[in-house]
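These notes are about the structure you will find just below.
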Amino acid sequence: MIKNKHSLLRKWSGVLLLFYAQAFWVTAQSDTDVNPPRPILMELFTSQGCSSCPPADALLKEMSETYPYEVFALSYHVDYWGYIGWKDPYAKVEYTAKQTDYNRKFKAKSNYTPELVVNGQAHLVGSSTAHVKAVMRQRSAFGKIELFDVVARKISNAKIGVSTEFDLPDNAYYRLVLFIPETVTVVTAGENRSRRLKNHNVVVAEEVIQDNMVGNIEIPTKYLNEKLGVMVIVQNGEGSPIGLGQTFLD
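Next comes the structure, spelled out in structure tokens:
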């Protein structure tokens, strides 16, 4: 009797295991079909000289890790906080100009940090967890963005060749962005003095390409030995992304 009971249990255990395996497969398949990736571009304007920025830097990384196939994140370090005492090593006047162009488009009164620009269409305080998460819930409202593969390889010690099969529509262009996935900096002056700051996807170079083939991007000399990532953004004539892809160099 005990033997038969154990046999019956083994039989039903096998049936239940098969049932759950099939149910899991159907659910996984349905989730993929019903909820395809909805990519979004997040550009954070930040500075190591700004005491309000570290929470935004951490939030950007959190969003990237929570939505690894959807959030395409970039950190642009602006240069206007240097007067406080700390010169951000990743800051460039070009990134301040980029932020200024966005804020003219948004009719914002002035530049500020941390500022998060979403799909080139809206801006918000980059450290506001509630607002950033609300954007993620409503990201489909920002329009459809296609995902594509990117191939990047060094063609010389300081130059990377980048290509993709994404066809460039009329009035669109490529942005090739070179970034460091994570940086750690010990700040010795300014508002963040004595803090060890981590920054995510820090932009170190950028090129605009209008050919239907992508192109090359130079590696700044001081980053030749860094682990680097390459993001390709296809933008329409209004400056909104319509295609996104990224890869990492070995």
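As numbered in mature numbering (1 follows the signal peptide of the UniProt record, and there is no 0), residues -28 to -1, 1 to 222 make up the sequence shown, in order.
C-beta atoms are modelled at their ideal positions from N, C-alpha and C, and glycine is treated no differently.
Quick caveat: nothing in here was measured; it's all calculated off a predicted structure.
- Leu(-21) in three-state terms, based on DSSP: If you number the sequence shown from 1, residue -21 lands on position 8. Note that Leu(-21) scores a pLDDT of 37, beneath 50, so its modelled location is shaky and nothing firm can be said.
- Item | Limits of the unbroken beta strand (DSSP E) element including Phe17 | Translated into the one-based positions of the sequence shown, residue 17 becomes position 45. Run containing Phe17: 12 to 18, per the beta strand (DSSP E) assignment.
- Task: Express the C-alpha separation of Ala69 and Ile132 in angstroms, rounding to a whole number.
- Result: Stepping through the sequence shown from its first residue, residue 132 is reached at position 160. Stepping through the sequence shown from its first residue, residue 69 is reached at position 97. Cα to Cα, Ile132 sits roughly 25 Å from Ala69.
- Determine the closest residue to Tyr146 out of Asp222, Gln207, Glu42, Phe78, with distance taken between C-alpha atoms. In the sequence shown, residue 146 corresponds to position 174, counting from 1. Per the Cα distances, Gln207.
- Task: Indicate the three-state DSSP secondary structure (helix, strand or coil) for Ile214 in the structure shown.
- Result: The residue you call residue 214 lines up with position 242 of the sequence shown. The answer is strand: DSSP assigns Ile214 an E or B state.
- Query: What residue from Ile12, Arg167, Phe44 has the CA that sits closest to Val107's CA?
  - Reply: By one-based count along the sequence shown, residue 107 stands at place 135. Cα-wise, what sits closest to Val107 is Ile12.
- Message: Are the CB atoms of Val122 and Gln218 within a distance shorter than 8 Å?
- Response: Counting from 1 along the sequence shown, the entry for residue 218 is found at position 246. Counting from 1 along the sequence shown, the entry for residue 122 is found at position 150. In contact: Gln218 and Val122 (Cβ atoms closer than 8 Å).
- Item | Residue range of the beta strand (DSSP E) that includes Ala45 | The sequence position of residue 45 within the sequence shown is 73, counting from 1. Start and end: 43 to 49.
- Met14: buried (16+ other C-beta within 10 angstroms of its C-beta) or exposed? Here residue 14 corresponds to residue number 42 of the sequence shown, with the count starting at 1. Answer is buried; the Cβ neighbour count reaches 16.
- Message: Spatial neighbours of Phe114 within its chain, please: C-beta separation below 7 Å, excluding the five flanking residues on both sides.
- Response: Against the sequence shown, residue 114 aligns to sequence position 142. Cβ within range, chain order: Ile12, Val90, Asn91, Gln93.
- Coil, strand or helix - Thr72 by DSSP: For the purposes of this step, residue 72 is taken as the residue at position 100 of the sequence shown. Residue state, collapsed to three classes: helix.
- Item | Within the segment 73 to 136, ranges of the beta strand (DSSP E) (whole runs, at least 3 residues) | 87 to 90, 94 to 97, 123 to 128, 131 to 135
- Task: Less than 8 Å between the CB atoms is what I'm expecting for Lys180 and Thr136, so what's the real figure, rounded?
- Result: In the sequence shown, counting from the first residue as 1, residue 180 sits at position 208. In the sequence shown, counting from the first residue as 1, residue 136 sits at position 164. Looking at the sequence provided, one finds Val at residue 180 rather than Lys. So it is not a contact: roughly 15 Å between Cβ atoms.
- Is Val175 near Leu32, with beta carbons less than 8 Å apart? The sequence position of residue 175 within the sequence shown is 203, counting from 1. The sequence position of residue 32 within the sequence shown is 60, counting from 1. Cβ atoms of Val175 and Leu32: not closer than 8 Å.
- Under 8 Å, do Leu216 and Ile117 count as touching if we go by C-beta distance? Against the sequence shown, residue 216 aligns to sequence position 244. Against the sequence shown, residue 117 aligns to sequence position 145. Yes, they are a contact pair.
- Taking Cβ to Cβ, would you say Tyr52 is nearer than 8 Å to Asn83? On the sequence shown, position 80 is the one that residue 52 refers to. On the sequence shown, position 111 is the one that residue 83 refers to. For Tyr52 and Asn83, yes; Cβs fall inside 8 Å.
- Take Leu96 and list the residues in its own chain whose beta-carbon comes closer than 8 Å to its own, dropping the five residues that flank it on each side. As a working mapping, residue 96 is identified with position 124 in the sequence shown. Cβ within range, chain order: Glu87, Leu88, Val90, His103, Val104, Val107.
- Message: Going residue by residue through the segment 152 to 211, where are the continuous alpha helix (DSSP H) segments of at least 4 residues, counting only ones entirely within it?
- Response: none
- When you compare each of Lys170, Thr193, Asn188 to Asp29 by their alpha carbons, which one comes out closest? The sequence position of residue 29 within the sequence shown is 57, counting from 1. Closest option to Asp29, Cα to Cα, is Lys170.
- Item | Inter-residue Cα distance where the pair is Ala161 and Asp60 | Within the sequence shown, numbered from 1, the residue matching residue 161 stands at position 189. Within the sequence shown, numbered from 1, the residue matching residue 60 stands at position 88. Using only the alpha carbons, I get a separation of about 10 Å.
- When the distance is taken between beta carbons, is Gly211 closer than 8 Å to Pro153? By one-based count along the sequence shown, residue 153 stands at place 181. By one-based count along the sequence shown, residue 211 stands at place 239. Cβ distance not < 8 Å, so Pro153 and Gly211 don't count as in contact.
- Message: Rounded to the nearest angstrom, what separates Val149 and Ser166 at their Cα positions?
- Response: By 1-based counting over the sequence shown, the position of residue 149 is 177. By 1-based counting over the sequence shown, the position of residue 166 is 194. Roughly 30 Å between the two C-alpha positions.
- Message: Just to confirm before moving on: does the CB-CB distance between Phe151 and Asn173 stay below 8 Å?
- Response: Here the question's residue 151 lines up with position 179 in the sequence shown. Here the question's residue 173 lines up with position 201 in the sequence shown. Yes; because the gap between Cβ atoms is below 8 Å, this pair is in contact.
- Message: In whole angstroms, give me the CA-to-CA distance for Asp222 and Leu119.
- Response: Taking the first residue of the sequence shown as position 1, residue 222 is located at position 250. Taking the first residue of the sequence shown as position 1, residue 119 is located at position 147. Rounded to the nearest angstrom, the two C-alpha atoms are 22 Å apart.
- Query: Candidates Glu163, Val204, Ala63: which alpha carbon is nearest Tyr48's?
  - Reply: In the sequence shown, residue 48 corresponds to position 76, counting from 1. The shortest C-alpha separation from Tyr48 is found at Ala63.
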